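**Student:** Residue numbers (the working numbering): 23 to 321. We put the CB at the ideal spot given by N, CA and C, even for glycine. Since this is a predicted model, take the numbers as computed values, not measurements.
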Amino acid sequence: MKRHRGAVIGGFGPVVTRGLLVFCTSFALLAGIGSTSLPSGQLLGSRTSYVKVTRGSEPGQIVVNMGGGGETVKGGKSNSSSSRSVSLGSPGGAWTGGAVQSTPVNPCVLDTAAQKDPFGSDLLGLAAAEVVSRYLSNVVGICKSGRGRKANLPTPSEVADSEWSTQLIKQLPIPLPTIPPGYGVVGITSYLLTGDVTHCSLSSSTPLGELTISAKSSFEVSFDGGDQYSGPFETSGAPWPIGGIDHMWLNPGTHSVVVLQNWTGNWFLDGQSGELPTLQTRGDIANYLVLGLVALRTS
23 MKRHRGAVIG GFGPVVTRGL LVFCTSFALL AGIGSTSLPS GQLLGSRTSY VKVTRGSEPG
83 QIVVNMGGGG ETVKGGKSNS SSSRSVSLGS PGGAWTGGAV QSTPVNPCVL DTAAQKDPFG
143 SDLLGLAAAE VVSRYLSNVV GICKSGRGRK ANLPTPSEVA DSEWSTQLIK QLPIPLPTIP
203 PGYGVVGITS YLLTGDVTHC SLSSSTPLGE LTISAKSSFE VSFDGGDQYS GPFETSGAPW
263 PIGGIDHMWL NPGTHSVVVL QNWTGNWFLD GQSGELPTLQ TRGDIANYLV LGLVALRTS
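1. Once the 5 residues before and after F290 are set aside, which same chain residues still bring their CB inside 7 Å of it?
2. Please name the residue in C222, T320 and P263 whose C-alpha comes closest to that of K192.
3. According to DSSP, is V316 part of a helix, a strand, or is it coil?
4. Count the CB pairs spanning the region 294-305 and the region 266-278 that are closer than 8 Å, and state whether there are at least three.
5. Thinking just about the alpha-carbon of each residue, which of G287, P203, L311 and V316 is nearest to the one in W186?
6. Helix, strand or coil: how does DSSP classify V219 here?
7. Express the C-alpha separation of W285 and D246 in angstroms, rounding to a whole number.
8. Kindly indicate which residue of L198, G314, G275 and D292 has the alpha-carbon position closest to the one of P176.
9. Considering only the beta carbon of each residue, do V280 and Y310 sit closer than 7 Å?
10. Identify whether L246 lies in helix, strand or coil by the three-state DSSP scheme.
11. According to DSSP, simplified to helix, strand and coil, what is Y310?
12. For chain B, find out if any of its Cβ atoms is closer than 7 Å to the Cβ of E180; answer yes or no.
13. Rounding to the nearest angstrom, what Cα-Cα distance links V181 and P299 in this structure?
14. Just to confirm the assignment: which complete alpha helix (DSSP H) runs, minimum length 4, are found wholly within the region 178-208?
15. For Y251, which three-state DSSP category applies?
16. In angstroms, rounded to a whole number, what distance separates the CA positions of G206 and P261?
17. Counting only the same chain and skipping the five closest in sequence on each side, list residues whose C-beta sits under 6 Å from that of S360.
18. Taking its Cβ as the centre, do 16 or more other Cβ atoms sit within 10 Å of Q250, making it buried, or is it exposed?
19. Quick one: using the 10 Å Cβ neighbour count with 16 as the cut-off for buried, is V312 buried or exposed?
20. So is S244 buried or exposed if we call it buried at 16+ other beta carbons inside 10 Å?
See the structure below:
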């Protein structure tokens, strides 16, 4: 394998058509990741007119050779007549000039844009920055010892779960509960308002692209300081007479009210999607005063 003439990638290959370079994904590896379409002249430079994809000499490698038409590149001459467009599609493999080529096992990136052509420029130019840095290095992984062993890099699901539990949890609404008119009365129903929304949309920039999350929530409420909870409630609550989250105290004094908001949702990242684990936010009412009724005789 002439490593100086190409970059080794795994999981998908570029396709040149109508002046565009389209990077098609392998559903066997990165289901639904999408494609990138950019002008070939912008990506590959004026000396590159086509893309040739072949199998690498090591397990789990695919070689992408970006030639310069009839011009000489380091290591030999590439002619457009020898170019082939390849799209790694369904799990069955890739189609190369009408022949089926098996999808490699444990694909990885072997070479990067560090190579130089005879003119001193990066052989892959901006294409390498787009392909290697964006899709390959962050998604597929860098080969270790040139043997096609995939680096231990996070999947879209792992990135989404991590962002959700460590960063986006800070953006989730927090309950700010109130019980109008600010005190309760023994034997009379009180109505709680969580002071919060039940749905929200979040986003975050990640190494795999823009992560978007559609989240929804329900509430659990304790009117005795956290010993017992009622719910789940799908509403944020409302004052009388609508209500939705209500309680009647039997004893006067000060009481602690705890509102737990349980968030779930779906993530969307790099063409993939999935469900998120439950996260919880909390709001409290401390020392809520409940008054007792005293019967008075006027005669």
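**Tutor:** Here's the rundown:
1. Non-local C-beta neighbours of F290 in its own chain, meaning closer than 7 Å and more than five positions away in sequence, comprise T234, ordered along the chain.
2. Checking every option, the nearest Cα to that of K192 belongs to C222.
3. Shown here, V316 sits in coil according to DSSP, grouped into three states, outside any helix or strand.
4. In short, these stretches do not touch, since the Cβ pair count stays below three.
5. Nearest to W186 by C-alpha distance, out of G287, P203, L311 and V316, is G287.
6. Correct three-state label for V219: coil.
7. Between D246 and W285, the C-alpha separation is close to 23 Å.
8. In this structure, D292 is the residue among L198, G314, G275 and D292 with its C-alpha nearest to the C-alpha of P176.
9. Cβ atoms of V280 and Y310: not closer than 7 Å.
10. Reading off the sequence shown, one finds Asp at residue 246, where the question assumed Leu. Secondary structure at D246: coil, using DSSP grouped into helix, strand and coil.
11. The answer is strand: DSSP assigns Y310 an E or B state.
12. Included in the structure is just one protein chain, with no chain B present.
13. Between the C-alpha atoms of V181 and P299 there is a straight-line separation of about 13 Å.
14. The qualifying runs are 178-188.
15. Under the three-state reduction of DSSP output, Y251 falls in the coil class, being neither helix nor strand.
16. Going by the C-alpha atoms only, they are around 13 Å apart.
17. This structure gives no information on residue 360, because the portion of the chain shown stretches from 23 to 321.
18. Burial call: exposed.
19. Classification of V312: buried, given that the 10 Å Cβ count is 16 or more.
20. Label assigned to S244: buried.
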